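The block underneath contains the structure these notes are about, expressed in structure tokens.
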């Protein structure tokens, strides 16, 4: 694959370098934010060799590349002179196309969470391997290797606000290092000791309220805090003379933001986060089976439009509050449903190119990356996608019925089964296998017409 050629063609058909407001990438997609969406030609970009599909969602022009997205990003970076993962070309208010509220929310969530996905995925996989090693291989939890590797997981999930502070600062265009300093205060051992102790803390004569589990794995408090910090920093930059700006701006920002975070923002947003988590849990507990059917069936549809990012933080909130993430359990089988449908196409087709693409997509989906299967195979022939959605709904219902849940973060694929050890594990395994086998068999029998060869 000539990534330089691909990059040049993509840049040309999205309106050129001058039309790029920002650019990031996730596991499979180049995520452009364009100054003028009208200058981009979706039809022309789709024709480029190596491009699986294009999705316009969440205020972004998303070019789906697949597993080689990093190479494509690097090529665009080299051709355009981009330094880093984001191009600060214009402010949001300067963009000609302004997204709807839901688009803005999705864009905000993706912008904050996408950069830290490698750390979340890597730490989650380490946790899965450790759970497998202790449960199956007899590894001691007191061994040096276990302790060191487990701290890698803890470093990510117990100090998540630090990562979120940095990416939030990049998103809100404020000083990321001041943001990290604020987040470190939030998760410091001293504060954690006050949370776990009985003495508490007073500030300005008032008791400081802490969430029962502390701020270590929290999501909402630090994001709202950094948003406030960004506004305060801009005010300081605007009104403080340049001579004193470098000293007074960080000083004033920290002096105001940190106390406000502990006194008001932290308690209020922690309550909001708890309300969201408990609200989802209440809905889920009404009927886990029905909830599993709905979430499982809709998940890959949401992925198509990039809307699943609106739900992803719920899983992290539940993991922080209850130590269990039921969302991953009921939506995880949908990955294997799409992989199974792609396998069905590979087995049925007589066209060598189609078989090769479909088999590659099936293997990728087996490891939790579903975009190549969705866009490269299943949506292209329609019926395989519909079959996969139906099988995912049934599988999600099975996982919900047995009350399966992930005990740590991470994508759902062949390597992540140990994350689901505990209640409902056997049922979860059945749901995953059913999703894969049923989708493959039904697609082979009814979902692919050899006339497409």
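In my numbering, the protein residues as written are 271 to 723. Positions of the beta carbon are idealized from the N, C-alpha and C atoms, including for glycine. In this text, all values refer to a predicted model and were calculated from it rather than measured experimentally.
Review point. Short check: CB of residue 337 to CB of residue 297, under 9 Å?
Key: yes
Practice item. Taking only the alpha-carbon atoms, compute the straight-line gap between residue 295 and residue 432 and give it to the nearest angstrom. Key: 21 Å
Practice item. Note down, one range per segment and in chain order, each alpha helix (DSSP H) of at least 4 residues found wholly within the segment 300–362. Key: 312–316 and 339–350
**Study point:** With 16 other Cβ atoms within 10 Å as the buried cut-off, status of residue 511
**Key:** exposed
Review point. Going along the chain, which residues of its own chain have a beta-carbon closer than 8 Å to the beta-carbon of residue 280, five neighbours each way excluded?
Key: 300, 315, 318, 321, 333, 342 and 346
**Study point:** Own chain residues within Cβ distance below 6 Å of residue 309, not counting five before or after
**Key:** 285 and 289
Practice item. Determine, using beta carbons only, whether residue 588 and residue 550 come nearer to each other than 9 Å. Key: yes
Point to revise | Where residue 293 sits in the DSSP three-state scheme | key: strand
Review point. Across which residues does DSSP place residue 477 in a beta bridge pair?
Key: 472
Review point. Counting pairs of beta carbons, one from the segment 405–422 and one from the segment 471–481, are three or more of them closer than 8 Å?
Key: no
Practice item. Give the DSSP-derived three-state secondary structure of residue 411 in the structure shown. Key: coil
Exercise for review: Would you mind giving the Cβ-Cβ distance between residue 690 and residue 674, rounded to the nearest angstrom? I have them listed as a contact below 8 Å.
Suggested key: 6 Å
Practice item. Note down the Cα distance separating residue 543 from residue 678, rounded to an integer number of angstroms. Key: 19 Å
Check your understanding: Straight-line CA distance for residue 498 to residue 527?
Key -> 8 Å
Review point. What residue ranges within the segment 505–568 form continuous beta strand (DSSP E) runs of no fewer than 3 residues, ordered along the chain?
Key: none
Check your understanding: Excluding the five sequence neighbours on either side, which residues of its own chain have a C-beta within less than 6 Å of the C-beta of residue 617, listed in chain order?
Key -> 714
**Study point:** Enclosing alpha helix (DSSP H) for residue 485 [first to last residue]
**Key:** Where residue 485 is concerned, there is no enclosing alpha helix (DSSP H), given that its DSSP letter is neither H nor E.
Exercise for review: Just mark residue 605 as buried or exposed, buried being the case when its beta carbon has 16 or more other beta carbons within 10 Å.
Suggested key: buried
**Study point:** Under the three-state DSSP convention, the category residue 595 falls into
**Key:** strand
Point to revise | Collapsed DSSP secondary structure at residue 676 in the structure displayed | key: strand
Review point. Between residue 705 and residue 661, which are expected to be in contact by the criterion C-beta below 8 Å, what is the C-beta distance as a whole number of angstroms?
Key: 5 Å
Exercise for review: Spatial neighbours of residue 363 within its chain, please: CB distance less than 8 Å, with the 5 preceding and 5 following residues excluded, ordered by chain position.
Suggested key: Interpretation of residue 363 is limited by its pLDDT of 42, a score under 50 that renders its predicted location unreliable; the figure taken from the coordinates is listed afterwards. So no residue of the chain qualifies.
Point to revise | Minimum length 4: unbroken alpha helix (DSSP H) runs contained in the segment 410–463 | key: 414–427, 430–442 and 446–456
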